[in-house]
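Read left to right, the sequence shown gives residues -3 to 256 (this note's numbering). Every residue, glycine too, gets a C-beta built ideally from N, C-alpha and C. Inspection log for the structure reproduced underneath, given as structure tokens.
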Amino acid sequence: MTAETSRAVPNGNGDGPELIRVVPRAVLSAEETVEEAVARRLAFFADQMVDEAAMLAASTFPISPEALIAKTKGILATNNAANDPSRLAADFHFVAPVVGPLPKEKFLEAFASFKLEDAFPDAKFNYHSFRVDPFEPNRVWYDSRFVGTHTGLLAGRIKATNILVKSPPQACSMLFNEAGECTQLTVGYVMDRQIGNTGGMGAVFGILYAIGAGAPFPEMQPYSKSLRYRFFTFLSETIAKLQKFFKRKQFPADPTPSAA
């Protein structure tokens, strides 16, 4: 078994060292030393990973990351500001993968009409991973994994199905102005469509699909490959197989073993 060489080096995020294990014969080139491999890793960190703490420290946005996260959680606690619209700016917009941008009044009207709390009394949105974007220091990102049982009336017309809905993880965000008002809410951007029973869809469209109430148009149905994409994939795979076939014909393997 090839021996490992371990070395503690900065991990590129400014939050302490990372133990780097280098397997000389497995990951080093013929002329590369352990020291050179470590230097290559450090160069990758410096070139490809941003220093989030330094970027946020250099931000001129007047509201601190901690305060922005607190404001985000406050909006979530007031039913996405439906119970306290003053938290949303006058020029607020709601943006989802398909729906939107919706202005403030239309968003509040649409959000209130679904009455998720009545349809899913046991709902858990499982919000987590709140962080401020170092590239947009006025934006807070957070993730969610909705879970809930449909035991009540949804949107005033869809009767209970007793189906347990499990949504995939979704990325959400809120943008804020310097007055601390939310100017944009984004939800429903699925991070792994293989998880859950919503057909890989997020937000309300995914919930509707899970309980059998999805509408018969593409935007409210699980992703499926188009005929053109399937043909393109088939053509690409066929060309690749033909290239391998003709390469073997042109450069056949030497059947005679080399002399020891």
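Backbone secondary structure at residue i - three-state DSSP
i	result
Pro99	strand
Ala63	helix
Thr29	coil
Gly70	helix
Pro20	Residue confidence is low: Pro20 scores 45 on pLDDT, short of 50, so the model does not pin down where it sits. No coordinate-derived value is stated.
Asp114	helix
Thr179	strand
Asp47	coil
His88	In the sequence on display, residue 88 carries Phe and not His. The answer is strand: DSSP assigns Phe88 an E or B state.
Thr(-2)	In this prediction, Thr(-2) has a pLDDT of 45, which is less than 50 and means its spatial position is unreliable; nothing more can be read from the coordinates.
Pro93	coil
Thr56	coil
Ala209	coil
The ligand MG heavy atom lying under 7 Å from the CB of residue i
i	result
Val183	Although the ligand MG was asked about, the structure shown includes no ligands whatsoever.
Min CB distance residue i to chain D below 8 Å
i	result
Tyr219	You won't find chain D in this structure, because it holds only one protein chain.
Candidates the options: closest to residue i by CA position
i	options	result
Glu132	Ser60, Phe213, Leu238 and Arg37	Ser60
Cys168	Thr194, Phe213, Asn76 and Gly144	Asn76
Gly148	Phe116, Phe172 and Leu160	Phe116
Gly96	Lys243, Phe241, Thr234 and Val183	Val183
Lys155	Glu105, Gln239 and Phe110	Phe110
Ala280	Lys100, Lys221 and Val91	Outside the displayed range of the chain (-3 to 256) lies residue 280, so it cannot be described from this structure.
Gly152	Glu31, Gly176 and Asp114	Asp114
Ile203	Lys162, Arg224, Arg226 and Lys221	Lys162
Gly210	Leu238, Lys237, Leu150 and Phe227	Leu150
Which residues DSSP lists as bridging residue i, in chain order
i	result
Val186	Gln166
Leu204	Looking at the DSSP assignment, Leu204 forms no beta bridge with any residue, so it has no partner.
Lys120	Val143
Leu171	Arg135 and Gln180
Own chain partners of residue i with C-beta closer than 8 Å, once the 5 adjacent residues on each side are dropped
i	result
Thr74	Asp80 and Arg83
Tyr205	Thr194, Gly195, Met197, Met216, Gln217 and Pro218
Met187	Asp139, Pro164, Pro165, Gln166 and Ala167
Leu52	Pro61, Val128, Pro130 and Pro133
Asn122	Ser140, Arg141, Phe142 and Val143
Sequence-distant residues of its chain with Cβ nearer than 6 Å to residue i (five each side left out)
i	result
Glu174	Pro58
Ile65	Phe126 and Val136
Met170	Thr68, Val136, Cys178 and Leu181
His124	Asp139
Ala92	Val183, Gly184 and Ala199
Pro20	For Pro20, the predicted structure reports a pLDDT of 45, less than 50, and the residue's modelled location is therefore unreliable. The matter cannot be settled from this model.
Close Cβ partners of residue i (< 7 Å) along its chain, the five nearest in sequence each way excluded
i	result
Leu112	Ala119
Leu160	Thr145
Ala256	Low confidence applies here, because Ala256 scores a pLDDT of 46, under 50, leaving its location unreliable; read the following figure in that light. Cβ neighbours of Ala256 beyond the five flanking positions: none.
Ile71	Ala77, Arg83, Met170 and Cys178
Asp87	Thr179
Contiguous beta strand (DSSP E) assignments of at least 3 residues, all confined to the region 126 to 168: 135 to 140, 143 to 145 and 160 to 162
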